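Reviewing the structure listed below.
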Amino acid sequence: MVRVLVIDDEALVREALRLLVSSFPGFEVSVSHPVGAVDQARRSQADVVLLDLLMPGHDWLELLAGLRALEPAPAVAVLTASEIPGAVGAALRAGACGFLLKDMHPEFLEHSLRALAAGGVICVPPASAEAVAAELMPVGVIEEPALSLDNVTEREREVLMLLALGLQNAEIARQLNIGVTTVKTHVGVLKSKLGVPNRVVLASVAQKAGLA
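Below, the structure is given as structure tokens:
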């Protein structure tokens, strides 16, 4: 069962998304106004959160930070009606795992939610790991010696290589015959060791290191 929380300041939008997502097999949906949303995410033990980007009077970045501070933290996808310059980078830099447009097809939303729950990263409009990494980090930063792989263990290197190939946490777990929770731990340690904000940049680092 994938637990999804929809955060939006408009009741009609919340209800529409609740009805849509609850029609997908294997999904449990709750909704929340931005006020009290972090507490609702904690109570519902949400796996994935859909967070509206434009909510007058409410700071989506502050909400995102509160959601990311939960333990365990849900995967957060930022939802918006239109493309906003720099928003993809801002969202991913703040710890979001996805950026989705409201005009997407319902089947794509279902696919995206399943991918996010499995540890994937979803960006619409499409953006390669290389392009997003370029927005998040200055050119050349991932070439710096500070991001050397010398202190990465053999197992972490294996996880990094599979990340670079685009595998999600569940797929990495199957490949390495380890638990999904263990994969998440390795990814967290790798982000800390390499000083990168999320798995998109982590995959780019691995690609530049020749692991893919």
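For what it's worth, full-length UniProt numbering labels the leading residue of the sequence shown as 1, then goes sequentially.
Ideal Cβ positions, reconstructed from N, Cα and C, are used throughout, including at glycine.
Note that the coordinates shown come from a computational prediction; the quantities given were computed from them, not determined experimentally.
Neighbourhood of V189 by C-beta distance below 7 Å, restricted to the same chain and skipping five residues each side:
E156
Buried or exposed: where does P74 fall if 16 or more other Cβ atoms within 10 Å of its Cβ makes it buried?
Buried.
D150 versus A209: straight-line alpha-carbon distance, rounded:
11 Å
Given 8 Å as the limit, is there contact between the stretch 192 to 203 and the stretch 154 to 174, that is, 3 or more CB pairs closer than that?
yes
Who does V6 pair with in a DSSP beta bridge?
V31, L50
Let me confirm a value: N177 is counted as buried when at least 16 other C-beta atoms fall within 10 Å, else exposed. Which label applies?
exposed
Alpha carbon to alpha carbon, how far is V4 from A77? Give it in angstroms, no decimals.
The alpha-carbon of A77 is positioned some 11 Å away from that of V4.
Just curious, the alpha helix (DSSP H) that L100 is in, first and last residue?
Annotation: L100 is outside any alpha helix (DSSP H); the continuous beta strand (DSSP E) that includes it extends over 98 to 101.
I need the DSSP call for V76, collapsed to helix, strand or coil.
strand
Just how far apart, CA to CA, sit D52 and L63?
10 Å
Nearest to A91 by alpha carbon, out of G66, A37, L61?
The closest CA to that of A91, considering only G66, A37, L61, is found on L61.
Looking only at its chain, what residues have a beta carbon closer than 7 Å to the beta carbon of K193, apart from the 5 residues adjacent to it on each side?
N151, V152
Is it true that the stretch 32 to 51 meets the stretch 2 to 16, where meeting means three or more beta-carbon pairs spaced less than 8 Å apart?
yes
Which same chain residues, not among the five before or five after P197, have their C-beta less than 6 Å away from its C-beta?
R93
Just tell me which of C97, V49, Q40 has its CA closest to the CA of V21.
V49
For G140, does the three-state DSSP call read helix, strand or coil?
Confidence at G140 is low in this model, with a pLDDT of 40, below 50, so its placement is unreliable and the value that follows should be read with caution. Here G140 sits in coil by DSSP.
Using DSSP's beta-bridge definition, name the partner residues of I122.
I122 pairs with G98.
Cβ atoms of A170 and A118: under 8 Å apart, would you say?
yes
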